[in-house]
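One structure is given here, and the rest of the page talks about it.
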Amino acid sequence: MASRAGSRWSSRSITSIRIAGSSSRCPFLCLGTSDPEGRQDVSPRGDLPGFVQVLDEHTLAIPDRPGNNRLDSLGNLQANPNVGLIFLVPGVDETLRVNGIASLSTDPALLAAMAVNGKPAKAAIKVAVREVFFHCGKALKRSKLWDPSTQVPRSTLPSLARIILDQTKSTIMTVEQAEARTEKGYRENLW
Numbered sequence: 079m080a081s082r083a084g085s086r087w088s089s090r091s092i093t094s095i096r097i098a099g100s101s102s103r104c105p106f107l108c109l110g111t112s113d114p115e116g117r118q119d120v121s122p123r124g125d126l127p128g129f130v131q132v133l134d135e136h137t138l139a140i141p142d143r144p145g146n147n148r149l150d151s152l153g154n155l156q157a158n159p160n161v162g163l164i165f166l167v168p169g170v171d172e173t174l175r176v177n178g179i180a181s182l183s184t185d186p187a188l189l190a191a192m193a194v195n196g197k198p199a200k201a202a203i204k205v206a207v208r209e210v211f212f213h214c215g216k217a218l219k220r221s222k223l224w225d226p227s228t229q230v231p232r233s234t235l236p237s238l239a240r241i242i243l244d245q246t247k248s249t250i251m252t253v254e255q256a257e258a259r260t261e262k263g264y265r266e267n268l269w
């Protein structure tokens, strides 16, 4: 049964995810968390389409893969389990939004079910859904996010390695060495 929350229609059931096919087609989501002091963090989560498991009508599971190892989201979840998710499907302007309560799982069967290339997830973020709703596509239409003609050439922005070295004032390695290390991590450690 849908309920009115502010000016949006929402539901506690994730049945709408199955109906719309968002979960099976989604390769990317943003996970919003906050620490005990209320400082927010949003982290990207991407994988093969269908990477989010629908465990039952009220529970999702998101694999935790090797990443930047900052662990902001996982640390926040330990102290404040409230989360917000926004699912993006390439080419689709409307987004799926889910709010709920998260917990971490290291259940071997669940992690094995999330394996890619024979590598199980390191952990899973289980989300007990409190609210699920679709969001209109106006923001994505205005931004022309899916329009290839608006894509920015990568060479016009500094590399991740350069940004990190600039922020940290590190002299441990050169920018070129850091860029090579980053590219190697992308090739060898996605899953």
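Those letters in the sequence shown? Residues 79 to 269, by our numbering. We treat Cβ as the ideally placed atom computed from N, Cα and C, and that holds for glycine.
Residue i burial status per 10 Å Cβ neighbour count (16 or more: buried)
{"i": "glycine 178", "result": "buried"}
{"i": "lysine 204", "result": "buried"}
{"i": "threonine 111", "result": "buried"}
{"i": "serine 248", "result": "exposed"}
{"i": "glutamine 255", "result": "exposed"}
{"i": "serine 151", "result": "buried"}
{"i": "arginine 123", "result": "buried"}
{"i": "isoleucine 250", "result": "exposed"}
Neighbourhood of residue i by C-beta distance below 8 Å, restricted to the same chain and skipping five residues each side
{"i": "lysine 222", "result": "Thr228"}
{"i": "glycine 153", "result": "Asp113"}
{"i": "threonine 260", "result": "Ser237, Leu238 and Ala239"}
Cross-strand partners of residue i (DSSP beta bridge)
{"i": "glutamine 118", "result": "Ser112"}
{"i": "alanine 202", "result": "Pro141 and Ser183"}
{"i": "valine 194", "result": "Lys197"}
{"i": "histidine 213", "result": "Thr173"}
{"i": "phenylalanine 270", "result": "Nothing about residue 270 can be reported from this structure: the residues present for the chain run from 79 to 269 only."}
{"i": "aspartate 244", "result": "Bridge partners of aspartate 244: none, in fact."}
Residue of the options minimising C-alpha distance to residue i
{"i": "glutamate 115", "options": "Leu155, Leu126, Leu138 and Arg148", "result": "Leu155"}
{"i": "valine 130", "options": "Val120, Phe212, Cys104 and Gln118", "result": "Cys104"}
{"i": "cysteine 214", "options": "Ile164, Thr260 and Leu238", "result": "Ile164"}
{"i": "proline 127", "options": "Ala157, Gly162, Val253 and Val167", "result": "Val167"}
For residue i, the three-state DSSP class (helix, strand or coil)
{"i": "threonine 228", "result": "helix"}
{"i": "asparagine 160", "result": "strand"}
{"i": "arginine 123", "result": "strand"}
Other residues of its chain near residue i: CB distance less than 7 Å, five sequence neighbours each side excluded
{"i": "alanine 83", "result": "Because the pLDDT of alanine 83 is 47, which lies under 50, any placement of that residue in the model is unreliable, and the number read from its coordinates should be weighed accordingly. So the qualifying residues of the chain are Glu209."}
Residues near residue i in its chain [Cβ-Cβ closer than 6 Å; skip 5 each side]
{"i": "valine 194", "result": "Trp269"}
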